[in-house]
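Numbering (the working numbering), first residue to last: 659 to 838.
A quick write-up on the structure given underneath.
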């Protein structure tokens with residue numbers, strides 16, 4: 659049985675160790691460059707659904723460390739749930755490239771299934787998946803599905819650079835979608 663003194667010593671040791679502070683990150687709209695002429699689509703693209711892998715469904719940033727391995731960055735956290743943040747920022751990216759919805763302009767619904775959206779320890783971020791334009795019933799044929807595979811390098815190995823690169827990739831995806 660432990661003595662009272664050793665129990666007190668243990669309590670003091672535990673309370674004197676401190677954890678690093680949490681850092682919080684967001685994704686943000688990535689404005690089109692001057693070279694990217696605005697597109698006036700026949701129909702206004704509205705994001706109906708974005709499906710992210712379950713691996714992303716956590717408050718911590720996830721870092722790919724190998725083909726079958728990841729690190730969960732406990733103290734590098736998203737400021738809001740990533741699925742809602744991706745959908746909101748991607749719609750803003752689409753709107754920045756297609757302009758506001760014009761009266762009488764038809765609306766088409768965009769569906770996106772993301773297969774991977776992770777930074778990697780080797781200094782790049784990957785965004786892969788598929789998108790399609792569908793109806794409210796979400797019926798699609800294989801020839802309507804467009805695959806995408808985008809990567810963005812990071813200038814240094816830090817979570818703020820990962821969040822920036824992820825934002826840039828959403829902007830690139832919006833550009834691809836609007837340009838068809």
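All C-beta atoms, glycine included, are put in the ideal place defined by N, C-alpha and C.
Quick caveat, the model's predicted, so the values are computed rather than measured.
| field | Cβ shell of residue 733 (< 6 angstroms), same chain only, five flanking positions each side left out | value | Here residue 733 corresponds to residue number 75 of the chain shown, with the count starting at 1. For residue 733, where only same-chain residues beyond five positions count, the Cβ hits under 6 angstroms are 678, 680.
| Do residue 788 and residue 773 have their C-beta atoms closer together than 9 angstroms? | The residue you call residue 788 lines up with position 130 of the chain shown. The residue you call residue 773 lines up with position 115 of the chain shown. One thing to note: residue 788 has its Cβ within 9 angstroms of the Cβ of residue 773.
| Length of the line joining the Cα atoms of residue 715 and residue 747 | For this step, residue 715 is matched to residue 57 along the chain shown. For this step, residue 747 is matched to residue 89 along the chain shown. When the Cα atoms are used, residue 715 and residue 747 turn out to be separated by approximately 17 angstroms.
| field | Which of helix, strand or coil DSSP assigns to residue 772 | value | For the purposes of this step, residue 772 is taken as residue 114 along the chain shown, with counting starting at 1. Of the three classes helix, strand and coil, the one that applies to residue 772 here is strand, per DSSP.
| Spatial distance of residue 817 from residue 825 (CA atoms) | What you label residue 817 is simply residue 159 of the chain shown in a count that begins at 1. What you label residue 825 is simply residue 167 of the chain shown in a count that begins at 1. Computed Cα separation, rounded: 12 angstroms.
| message | Along the chain, where does the alpha helix (DSSP H) containing residue 785 start, and where does it finish? | response | Counting from one through the chain shown, the residue named residue 785 turns up at place 127. No alpha helix (DSSP H) contains residue 785, which is instead part of the beta strand (DSSP E) from 782 to 792.
| request: Flag this pair as touching only if the region 755 to 764 and the region 736 to 747 have three or more C-beta atom pairs under 8 angstroms; answer yes or no. | output: They do not touch, by the three-pair rule.
| said: Counting C-beta neighbours from all protein chains within 10 Å, is the total for residue 831 16 or more, i.e. buried, or is it exposed? | reply: Here residue 831 refers to the residue found at position 173 when the chain shown is read from its first residue. It counts as buried.
| Reduced DSSP secondary structure (H/G/I, E/B, other) of residue 669 | Here residue 669 refers to the residue found at position 11 when the chain shown is read from its first residue. Residue confidence is low: residue 669 scores 47 on pLDDT, short of 50, so the model does not pin down where it sits. No coordinate-derived value is stated.
| Does the beta-carbon of residue 730 have 16 or more other beta-carbons within 10 angstroms, so that it is buried, or is it exposed? | Counting from 1 along the chain shown, the entry for residue 730 is found at position 72. Residue 730 is exposed by the Cβ-count criterion.
| request: For residue 718, name the three-state secondary structure that DSSP assigns. | output: Reading the chain shown from its first residue, position 60 is the one you call residue 718. If DSSP states are grouped into helix, strand and coil, residue 718 belongs with the strands.
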